[in-house]
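In this note's numbering, the protein residues as written are -14 to 600.
Each residue gets a CB set at the ideal place from its N, CA and C atoms; glycine is no exception.
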Ligand code: AGP
C-alpha cells in the first residue's frame, strides 16, 4: 500500500522519482520522501502529508543533482504518518537509504538486536531496521546486492525493498516477497517501481520479478537473483497502455474518468475471446479442459468490490454449468478450514493482483491441491503469477481507490469463465453460448446510453448530501449490486450505507425505515423471473408505506414501478444475469457525486489505499 520508485540512468534522478511518485500517489499518501546520490554522499528529503508537501520542501531546499535515487509515498502501518517515520530510512552514517512497502513481522527482534550493537534508530517504523542491517552487511561484503540478499534472508513478512548506497553509486537494488515490484528497462537507464505507471513515460519494456528475488539495476541492465544468490527467473513483458491512460484525461477525477471508460473497458475485455462463430476462445486459461471437466465445485475468493463481483458470478456459474459455486471473503477463507482438493477450481478475483488477503487465500487453496484461476487487471502482479492460470481483465490502469471499471470487467471475465466452463463441460450448447456472447457484446452500447442519462442521478445525489444513511435493496443478482452501491457510498462519502437482500427486509432491516429515508432499489428485469420482479415491487410498496424516499433503478419500459418511485432511474433492458453490468453504473455515479457534494477527495478516500498489501 505504498508507492516506490527507484532510478539509475542519465536523467536528473529527482525529476524521474517525483514524477513517478505522483503516478503512484494513489497507493499511499500520508507521507513521502526521496533520496539522491550526489557528490559522493546521500541527500534526502521527506515530509508528512501528501506529495505536495514534499514538493514544497524540495522547492524551498533543493537537493543536489544526481542520476541515481529513490522515493516513496507511504500508507502508514507502523508509526504515525510524520516526517520521522516517512521513508526513505537511513543508517546512522547516512550512507544507505531504503524504502519499503509491506510489513516486516520480526522487526521488533531486529530492532533490539541492532540497538544492542549500538545502532540508534530514529523512527517507529519496521522499515528502519533494514537500513541499519544493510549498512552492516555492506561494510562486510562491499556489494549492495549481496548485502540485500543477506538482509532479506533475515526478514519475515511481506516486503518490497529498494535501496541505494553512497559507496556504490551506480546501482539501485530491489527485493520483493509478497509485495509488488516491477522493473523498467530503458536505454542506459533502469527503473524499479511498485507499478509500471511510474515509468511508462520513459519505457514500456518491463521485467516481472518472482517471489524472493533481488534485482540489481544498473545503467547497462539488470541482474536478478534469488535471495540465495542463484540466477533468478526473469519474465520480460511489454506494457500495453501509455502514459496518457494513467492521466485524468480532462476529467475532474480519475474516478469520473474511469466510470466513463467502462464501455471501452468492457469491450476491451471481450476482445479476442470470441471467434467469428461466437465461440469462446480462452486459450490463456491454461487449465486443461479435462481438469475443468473433472472439477466438482468452484470456490471464488476475493475482497471488497471484487467479492461483490464474485457473488454475481455465483449466479451465472451455477445457472450455466450446474456446478456448486461457493463465494468466500478471502480474509475469512483459510481460517474456515475449507474443503478443497484437486477437483476444486478456485477463482481469485483481484484488480491489483496484490491484495494480501486474496494472495494468502489462493496459496492455501493450492496447498490443498486445488487449481487456481486468477481474474486480474494488473499484468506482472503477484496473484496471477502464483495461480495456475489467469484471465486478465483489460480495464486499463484503475487509479481511483474506489473500483468501477475494474468491477464491470471482473463481471465480464466471470461471465466468460462461466460460459467457458459450460462449453467445456457441455452444459451450454454452442448456440446458447453465442446468444449470451451476443448480449455481452451489446453491453458497451448499453453502458454508453446509461452514461448519457446520469444528470438526474447527480442532481439527486446533491440533494441527499446531508443525509446520515442510505439503504440499498436488491434481489438475485441485484442483491450484490445493492452491496456494491452501499460500499461505494461508504468508501467515498464516508456515509453509513447498507445493502440488503430485499427479501430480508421483513426479517429486521425494515425497522430502519423512517420518513424520508433514502432507499435505493435495484429492480430485476420483468422479462426474467416475473415472481422475482413482483416481490421486489411489493418490497418497494412496503418501504414507501413507511415513509421511505424510494430511488428505483428499473429497466426501460417497466411501468409497474412508476407509482412507487420517488425517483426513477432507467437502465436499458438487459438479460437478468447480465443486468449488474448496467445497474451498477448509476450507483457509482450517485456515490461519486454525493461524495463530491460533501467536499470529499473521491480518488483518495480517507483511510483507504488502492491495493491492500497487508493482511
Ligand atoms: C473497492 O472500491 C475497494 N477499492 C476495495 O474494496 C477493493 O475492491 C478490494 O480491496 C479488492 O482489491 P483488489 O481487487 O485489488 O484485490
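Check: residue 361 C-beta below 8 Å from any heavy atom of the ligand NAP: Looking for the ligand NAP in the displayed structure turns up nothing; the ligands present are the ligand AGP.
Measuring only the C-alpha atoms, how far is residue 50 from residue 122? Numbered from its first residue, the chain shown carries residue 50 at position 65. Numbered from its first residue, the chain shown carries residue 122 at position 137. Across the structure, residue 50 and residue 122 are spaced so that their CA atoms are roughly 28 Å apart.
Which same chain residues end up closer than 6 Å to residue 91 when comparing Cβ atoms and leaving out the 5 residues on each side of it in sequence? The residue you call residue 91 lines up with position 106 of the chain shown. Excluding five sequence positions before and after residue 91, the CB atoms of its chain that fall closer than 6 Å to its own CB belong to 141, given in chain order.
Which first and last residues belong to the beta strand (DSSP E) in which residue 198 is found? If you number the chain shown from 1, residue 198 lands on position 213. Bounds of the beta strand (DSSP E) holding residue 198 are 198 to 203.
Which of the three DSSP states is assigned to residue 184 in this structure? Taking the first residue of the chain shown as 1, we reach residue 184 at position 199. Here residue 184 sits in coil by DSSP.
Is the beta carbon of residue 538 within less than 8 Å of some heavy atom of the ligand AGP? Position 553 of the chain shown, counting from 1, holds the residue named residue 538. Checking every heavy atom of the ligand AGP against the Cβ of residue 538, none is found closer than 8 Å.
Cβ atoms of residue 332 and residue 295: under 9 Å apart, would you say? As a first step, residue 295 must be located in the chain shown, where it is residue number 310. As a first step, residue 332 must be located in the chain shown, where it is residue number 347. Yes, these two residues count as a Cβ contact at 9 Å.
Using the rule of at least 16 other Cβ atoms within 10 Å of the residue's Cβ for burial, across every protein chain shown, is residue 470 buried or exposed? Within the chain shown, the letter at position 485 stands for residue 470. Burial is judged here by how many other beta carbons sit within 10 angstroms of a residue's own beta carbon; residue 470 has at least 16 and is buried.
First through last residue of the beta strand (DSSP E) which encompasses residue 310: Position 325 of the chain shown, counting from 1, holds the residue named residue 310. Segment 310 to 314, the beta strand (DSSP E) holding residue 310.
Compare the beta carbon distance of residue 401 and residue 258 with 9 Å and say whether it is the shorter of the two. Here residue 401 refers to the residue found at position 416 of the chain shown. Here residue 258 refers to the residue found at position 273 of the chain shown. For the pair residue 401 and residue 258, the CB atoms are nearer than the 9 Å cut-off.
Please report the Cβ distance between residue 305 and residue 413, rounded to the nearest whole angstrom; I am assuming they are in contact, meaning their Cβ atoms lie under 8 Å. The residue labelled residue 305 in the question sits at position 320 within the chain shown. The residue labelled residue 413 in the question sits at position 428 within the chain shown. Indeed they touch by this definition, with Cβ atoms about 5 Å apart.
If you reduce the DSSP assignment to three classes, tell me which class residue 300 lands in. For the purposes of this step, residue 300 is taken as the residue at position 315 of the chain shown. Residue 300: helix per DSSP, three-state reduction.
Residue 525 classed as buried or exposed, judged by whether at least 16 other C-beta atoms fall within 10 angstroms: Taking the first residue of the chain shown as position 1, residue 525 is located at position 540. Buried.
If we ignore side chains and look at the alpha-carbon of each, how far apart do residue 280 and residue 327 end up? Here residue 280 refers to the residue found at position 295 of the chain shown. Here residue 327 refers to the residue found at position 342 of the chain shown. Taking the straight line joining both Cα atoms gives about 8 Å.
Mapping the DSSP letters down to three states, classify residue 394 as helix, strand or coil. By 1-based counting over the chain shown, the position of residue 394 is 409. Correct three-state label for residue 394: helix.
Which residue's Cα is closest to the Cα of residue 601: 435, 338, 555 and 529? For the chain, the structure presents residues -14 to 600; residue 601 sits outside this window and is missing.
Do you know offhand how far residue 263's Cα is from residue 423's? For the purposes of this step, residue 263 is taken as residue 278 along the chain shown, with counting starting at 1. For the purposes of this step, residue 423 is taken as residue 438 along the chain shown, with counting starting at 1. So the two alpha carbons sit approximately 8 Å from each other.
For residue 320, is the classification buried or exposed, using 16 other Cβ atoms within 10 angstroms of its Cβ as the cut-off for buried? Stepping through the chain shown from its first residue, residue 320 is reached at position 335. Around the beta carbon of residue 320, a 10 Å sphere encloses fewer than 16 other beta carbons of the protein chains shown; the residue is thus reported as exposed.
Would you identify the three-state DSSP class for residue -5, choosing helix, strand or coil? Position 10 of the chain shown, counted from the start, is the residue given in the question as residue -5. Taken through DSSP and simplified to helix, strand or coil, residue -5 comes out as coil.
Extent of the continuous beta strand (DSSP E) run through residue 116: Numbered from its first residue, the chain shown carries residue 116 at position 131. If you look at residue 116, you'll find it isn't in any beta strand (DSSP E); it sits in the alpha helix (DSSP H) that goes 113 to 126.
Under 9 Å, do residue 463 and residue 494 count as touching if we go by C-beta distance? Within the chain shown, numbered from 1, the residue matching residue 463 stands at position 478. Within the chain shown, numbered from 1, the residue matching residue 494 stands at position 509. Taking a C-beta distance under 9 Å as the contact criterion, residue 463 and residue 494 do not qualify as a contact pair.
Taking the continuous beta strand (DSSP E) assigned at residue 335, which residues delimit it? As a first step, residue 335 is located in the chain shown; it is residue number 350 there, counting from the start. Boundaries of the beta strand (DSSP E) around residue 335: 329 to 335.
Using only the alpha-carbon positions, how far apart do residue 587 and residue 21 sit? For the purposes of this step, residue 587 is identified with residue 602 of the chain shown, where counting begins at 1. For the purposes of this step, residue 21 is identified with residue 36 of the chain shown, where counting begins at 1. Between residue 587 and residue 21, the C-alpha separation is close to 33 Å.
Assigned secondary structure, residue 599 (DSSP; H/G/I helix, E/B strand, else coil): Translated into the one-based positions of the chain shown, residue 599 becomes position 614. Residue 599 sits in coil when the DSSP states are folded into three classes, being neither helix nor strand.
Do you know whose CA, among 378, 387 and 421, lies nearest residue 476's CA? Residue numbering aside, residue 476 sits at position 491 when the chain shown is read from its first letter. Sorting 378, 387 and 421 by C-alpha distance to the C-alpha of residue 476 places 387 at the top.
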